[in-house]
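Colleague:
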Amino acid sequence: MEVLSLTTQNPLSLLVKFGMMAWNTSCAENCSGHGECHNGTCLCEIQFEGKECHAPNLSYYVAFATVFFILALVCLVQLVMCIVAEWQRMKAPSLLRACRVTTQKLLYFLVFLAAAIRGAYFTSPAAFEEGWSSSLLNAYYPLLLSGSSLIVCFWAEVFHLPNVRWEKPQFLSKSFLGFVTFNIITYSLLLTEFITTQVANTSVEDKSFYTHVFNGCYAFLLFIVVIFFLIYGVEVFFKVRGGFLTGHEMAASSIAGNTRTPAGERTSATAATTKLFDASNLPALQPKIDHSQLHQSRVGLLSQALMLSIIVGFLFSETLSEFWKKKVPLYSRNWHDIVFRVVEIGVALWFPCVLWNCYSPEQLWILNPKRILKKLELEANAAPSAEEQEDGAFMEDSGDLGDEACGSQDCWICYDADRQDVGPLIQPCQCRGDMSSVHHDCLRRWLVESSTNPDCLSCKVCGAPYQVQRGERLDWQHGFTTQHWLQTAAIVTCMCVSAAGAWVTIQLFEDPVIRMLAAGSALLIQYVCVRFLGLNTVVAYQRAKTSALSIVGGNHVSTISETVAVSVDVPKPPPEPARI
């Protein structure tokens, strides 16, 4: 009867009952639900290892924990350096004022906290899964949302607010309320997730369901941030328009009509004075794009937008994992997890990379969009008009007087007018008096020593830019000094020693924890050394480029002489008729 009843069943169901089911149950405890059973052997997910896939994969967790802790350490060091730099710039140093909240400091702190929390999770995954601290796994996303939304609000102010000096460290002003509101929503979700999954008495299935729901909420909020990130990023760094350009657009008009002059006096000005200050007679003052800095900002913008979009896609896929994850091969699921974690590292690593300059935040394109603009310069190649030629002839005598003054004054650097080995004595700026004359080579050496300053090619007294001619070749002989060579040799030696030490440690010890610590320490040392090596090379390049400059001397007259002779033809009165 049993044989007869068996033969009446569907052959496919028999195959599943006696073949497939026996094949799936050939592994103990079905690989603990963390892998797949093939021919009696468990193939584990990337997070687990062992015969039954019940133990965490230490290599996986130690690797990501090391990377996140190194990232947290880098952000902490940058935060401390930023505070120290601001404290050193103060005339009356105060630690409280040096620790005031700015956009740069808050970004450092948020990334440090996010990386430290994620590193702590990967350090002891088993303990976190058993306790309430499993919510720390998702605490990474609210902190990431805070940092990204802070940049969006900052760029929104850059685009909408005119006449704001973004060169100085500051925090949000008009968009502060929106930033706070968005973060209240974000951290309310995190608090709700903690209550529903840890405090409330919920089953394992309900906890998994709630976790997926909150992942979907984080993905939706991050998607909104990415949209506005691209909107304002494209407006500022691709279309190059916004409130930060207002100062450049108004430069010519502010020079032509000084706002300090009362309206009544401007109305009663004579025709000759009005002609001299006519804006149409001034050379064009136009903002010029620094294409190198512009392309760097665009690459940085698109890279972060791409990584954030990938994070959004991964979070949405995790939300719907119940529908697809078991249908995908184990090999693909493992690659999915690794790529997800690597992109998470990339998103966090982007912040310290674009905020690399802790001492001079005005040099960062992300905090000072004016970095994509070159300084306003007079159009040197503009053809002079007839009126300008007349003005030049009118001021010729003043130029001759300037030549005589140049010949009679001393160099303000070496104070020796008789030296013949430092080039001619020139007047490169609009200074008058003792600061008007300088030797060509003395000034060039002065510029070389201050080449790290972005405003080195302008006079520190009058602010006038020096007229320079760039050489065809860089003067590397003056670029790399003995100090630079010693620093470079020390940095390269440190890199080689750290790499060799890590290799020896890995060869001597088989413990994966020791190996990962050695590799992580070597990577951290390599990162620091590469950064200092890059800065050292940039300084040498700036010195070599400045050494190849040729300063053009001229007798520029910055002001109109106190007495201006204006020839006015007064019509003669008609002759009176003769009286008889």
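Per full-length UniProt numbering, the sequence shown starts with residue 1, numbered consecutively.
Positions of the beta carbon are idealized from the N, C-alpha and C atoms, including for glycine.
Quick caveat: nothing in here was measured; it's all calculated off a predicted structure.
1) With the cut-off set at 8 Å, would you say residue 305 and residue 232 are in Cβ contact?
2) Which same chain residues, not among the five before or five after residue 55, have their C-beta less than 7 Å away from its C-beta?
3) Out of 432, 490, 141 and 189, which one is the CA nearest neighbour of residue 315?
4) Taking the alpha carbon of residue 539 as the reference point, which residue from 496, 484 and 516 has its own alpha carbon closest?
5) Let's test the definition: count the other Cβ atoms within 10 Å of the Cβ of residue 307 and tell me whether it reaches 16, buried, or not, exposed.
6) Could you tell me which residues DSSP puts in a beta bridge with residue 469?
7) State whether the region 52-72 contacts the region 514-522, with contact taken as three or more CB pairs (one from each stretch) at a distance under 8 Å.
8) Per DSSP, residue 458 is paired with what?
9) For the alpha helix (DSSP H) containing residue 442, name the first residue and the last one.
10) Check whether the region 196-207 and the region 164-184 touch, using three or more Cβ-Cβ pairs below 8 Å as the test.
11) Taking Cβ to Cβ, would you say residue 150 is nearer than 8 Å to residue 221?
12) On the three-state DSSP scale, how would you describe residue 55?
13) Quick check on this structure: which residue in 414, 444, 423 and 227 has the alpha carbon closest to the alpha carbon of residue 468?
14) Which term fits residue 241, buried or exposed, when burial requires 16 or more other beta carbons within 10 angstroms of its beta carbon?
15) Is residue 533 closer than 8 Å to residue 488 when the C-beta atoms are compared?
16) Is there contact here, the region 355-362 with the region 74-85, by at least three beta-carbon pairs under 8 Å?
17) Taking 8 Å as the threshold (C-beta atoms), are residue 147 and residue 351 in contact?
18) What residue from 441, 61, 427 and 111 has the CA that sits closest to residue 353's CA?
19) Alpha carbon to alpha carbon, how far is residue 195 from residue 184?
20) What are the partner residues of residue 37, as DSSP defines its beta bridges?
21) Identify the residues that DSSP records as bridge partners of residue 49: which are they?
22) Could you tell me the boundaries of the alpha helix (DSSP H) in which residue 359 lies?
23) With respect to the alpha helix (DSSP H) encompassing residue 181, which residues constitute its N-terminal and C-terminal limits?
24) First and last residue of the alpha helix (DSSP H) that includes residue 410?
25) Closer than 7 Å by C-beta to residue 411: which residues in its own chain qualify, once you throw out the five before and the five after it? Chain order, please.
26) Could you tell me which of 206, 117, 236 and 189 sits nearest to residue 214, measuring between CA atoms?
27) In three-state DSSP terms, what is residue 367?
28) My guess is that residue 633 and residue 27 are in contact by the Cβ rule of under 8 Å, so how many angstroms apart are they, rounded?
29) Over what stretch of residues does the alpha helix (DSSP H) that includes residue 494 continue unbroken?
30) State the DSSP-derived secondary structure class of residue 91, mapped to helix, strand or coil.
31) Should residue 104 go down as buried or exposed, given a rule of 16 or more other Cβ atoms within 10 Å for buried?
32) How long is the line joining the alpha carbons of residue 109 and residue 432, rounded to whole angstroms?
33) Going by DSSP, which residues form a beta bridge with residue 425?
34) Pop quiz: residue 143 and residue 120 are said to be a contact at Cβ under 8 Å. What is the actual Cβ separation, rounded to whole angstroms?
35) So for residue 581, helix, strand or coil by DSSP?
36) Please state whether the Cβ-Cβ distance between residue 152 and residue 369 is less than 8 Å.
Modeller: So, from the listed chains and residues:
1) Within the sequence shown, numbered from 1, the residue matching residue 305 stands at position 305. Within the sequence shown, numbered from 1, the residue matching residue 232 stands at position 232. In this structure, residue 232 does not lie closer than 8 Å to residue 305 by Cβ.
2) Looking up residue 55 in the sequence shown gives position 55. Within the same chain, residue 55 has close Cβ partners 48 and 49.
3) Mapped onto the sequence shown, residue 315 falls at position 315. Answer by Cα proximity: 141.
4) As a working note, residue 539 is residue 539 in the sequence shown. Of 496, 484 and 516, the residue nearest in Cα terms is 484.
5) Taking the first residue of the sequence shown as position 1, residue 307 is located at position 307. It is buried - the Cβ of residue 307 has at least 16 other Cβ atoms within 10 Å.
6) Here residue 469 is taken as the residue at index 469 of the sequence shown, counted from 1. Looking at the DSSP assignment, residue 469 forms a beta bridge with 550.
7) Yes, they touch.
8) For this step, residue 458 is matched to residue 458 along the sequence shown. 465, per the DSSP bridge assignment.
9) The count along the sequence shown starts at 1 and reaches residue 442 at position 442. Where residue 442 is concerned, the enclosing alpha helix (DSSP H) stretches over 440-449.
10) Output reads no: the region 164-184 does not touch the region 196-207.
11) Locating residue 150 in the sequence shown gives position 150, where the first residue counts as 1. Locating residue 221 in the sequence shown gives position 221, where the first residue counts as 1. In this structure, residue 221 does not lie closer than 8 Å to residue 150 by Cβ.
12) In the sequence shown, the residue the question calls residue 55 occupies position 55. The three-state secondary structure of residue 55, taken from DSSP, is strand.
13) Translated into positions along the sequence shown, residue 468 becomes position 468. Of the candidates 414, 444, 423 and 227, the one whose C-alpha sits nearest the C-alpha of residue 468 is 444.
14) Translated into the one-based positions of the sequence shown, residue 241 becomes position 241. Exposed, because fewer than 16 other Cβ atoms sit within 10 Å of the Cβ of residue 241.
15) Numbered from its first residue, the sequence shown carries residue 488 at position 488. Numbered from its first residue, the sequence shown carries residue 533 at position 533. In this structure, residue 488 lies near residue 533, with their beta-carbon atoms less than 8 Å apart.
16) Here the region 355-362 makes contact with the region 74-85; the two share three or more CB pairs at distances below 8 Å.
17) As a position in the sequence shown, residue 351 is number 351, starting the count at 1. As a position in the sequence shown, residue 147 is number 147, starting the count at 1. Yes, the pair counts as a contact, with Cβ atoms nearer than the cut-off.
18) By 1-based counting over the sequence shown, the position of residue 353 is 353. Ranking 441, 61, 427 and 111 by Cα distance to residue 353 puts 111 first.
19) As a working note, residue 195 is residue 195 in the sequence shown. As a working note, residue 184 is residue 184 in the sequence shown. Whole-angstrom Cα-Cα distance: 16 Å.
20) Numbered from its first residue, the sequence shown carries residue 37 at position 37. DSSP, once it has assigned bridges, lists 42 as partnering residue 37.
21) Position 49 of the sequence shown, counted from the start, is the residue given in the question as residue 49. DSSP links residue 49 through a beta bridge to 55.
22) Sequence index remark: in the sequence shown, residue 359 carries index 359 (1-based). No residue range can be given for residue 359, since it is assigned to no alpha helix (DSSP H) and is classified by DSSP as neither H nor E.
23) If you number the sequence shown from 1, residue 181 lands on position 181. 176-194 is the extent of the alpha helix (DSSP H) around residue 181.
24) Here residue 410 refers to the residue found at position 410 when the sequence shown is read from its first residue. Neither: residue 410 is in no alpha helix (DSSP H) and is coded neither H nor E.
25) Taking the sequence shown and counting its residues from 1, the one referred to as residue 411 is at position 411. 417, 425, 437, 438, 439 and 442, listed in sequence order.
26) Working through the sequence shown from its first residue, we reach residue 214 at position 214. Residue 214 has its Cα closest to that of 189, out of 206, 117, 236 and 189.
27) Position 367 of the sequence shown, counted from the first residue, corresponds to residue 367. In the structure shown, residue 367 sits in coil (DSSP, three-state: anything other than H, G, I, E or B).
28) Not covered by the structure: residue 633. The range shown for the chain is 1 to 580.
29) For the purposes of this step, residue 494 is taken as residue 494 along the sequence shown, with counting starting at 1. Per DSSP, the unbroken alpha helix (DSSP H) holding residue 494 starts and ends at 482-508.
30) On the sequence shown, position 91 is the one that residue 91 refers to. Coil at residue 91, not helix or strand.
31) Start at 1 with the first residue of the sequence shown, and residue 104 comes out as number 104. Around the beta-carbon of residue 104, 16 or more other beta-carbon atoms lie within 10 Å, marking it buried.
32) Indexing the sequence shown from 1 puts residue 109 at position 109. Indexing the sequence shown from 1 puts residue 432 at position 432. Going by the C-alpha atoms only, they are around 49 Å apart.
33) Here residue 425 refers to the residue found at position 425 of the sequence shown. In the DSSP assignment, residue 425 is bridged to 439.
34) For the purposes of this step, residue 143 is taken as residue 143 along the sequence shown, with counting starting at 1. For the purposes of this step, residue 120 is taken as residue 120 along the sequence shown, with counting starting at 1. The pair is not a contact, with the Cβ atoms about 13 Å apart (cut-off 8 Å).
35) Residue 581 cannot be examined here, being either before or after the span of the chain that is shown, 1 to 580.
36) Along the sequence shown, one-based indexing puts residue 152 at 152. Along the sequence shown, one-based indexing puts residue 369 at 369. Cβ distance not < 8 Å, so residue 152 and residue 369 don't count as in contact.
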